[in-house]
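K.L.:
Numbering (the working numbering), first residue to last: 150 to 292. The beta-carbon is built from N, C-alpha and C at its ideal position, and this holds for glycine as well. Before I ask anything, here is the structure I am working with.
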Amino acid sequence: MHMKRTANAHWTGNLKEGKGEISTQSTVLNKTQYSFNTRFGDGTGTNPEELLGASHAGCFTMAVSAALTQAGFTAGTLDTKATVELDPAAGPKITGIKLELTASKIDGVSEEQFRTIANGAKENCPISKALSATPISLEVTYQ
């Protein structure tokens, strides 16, 4: 069985003065505003890069938990921040994604072993695979 999720975008007007709304099947986003200013400035609302970062952070964090479970361990707390870098002058183009994972120590898991598991999750989570043309870096704090 294949999972399918949908999202919709609506836009009115030109690029700089226009405005849009994004909605998701779950209605977590329901006519959420986005615009040129929310993408390239400090406007109120969201933007595609922020949503991509949220998606990547969520997928990666679940992948770390899954990899720990497969190795016979249970994650404590896992917190991931994803920073999506957009270079407007390059087309615009997403030039990189930085994942910053902070995790609580797990009995029986060394820092080296945890880093190996986290790197595997970075390489194998479905969002990372979908973004394979984008450089993705990982910074791990294991405390």
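If we count Cβ pairs, one from each stretch, closer than 8 Å, do we get three or more for the region 258-277 versus the region 206-219?
P.N.:
Because the criterion of three Cβ pairs below 8 Å is met, the region 258-277 and the region 206-219 touch.
K.L.:
Could you tell me the boundaries of the beta strand (DSSP E) in which T176 lies?
P.N.:
Within the sequence shown, residue 176 is the residue found at index 27, counting from 1. Segment: none, T176 is in no beta strand (DSSP E) and carries neither H nor E.
K.L.:
May I ask you to list the residues that DSSP assigns as paired with D236?
P.N.:
Stepping through the sequence shown from its first residue, residue 236 is reached at position 87. Beta-bridge pairing links D236 to K242.
K.L.:
Should the region 184-196 be regarded as contacting the region 244-255, the criterion being three or more beta carbon pairs within less than 8 Å?
P.N.:
With the cut-off at 8 Å, the region 184-196 and the region 244-255 do not touch.
K.L.:
How would you call G162, buried or exposed, if buried means at least 16 neighbouring beta carbons within 10 angstroms?
P.N.:
As a position in the sequence shown, residue 162 is number 13, starting the count at 1. That one is exposed.
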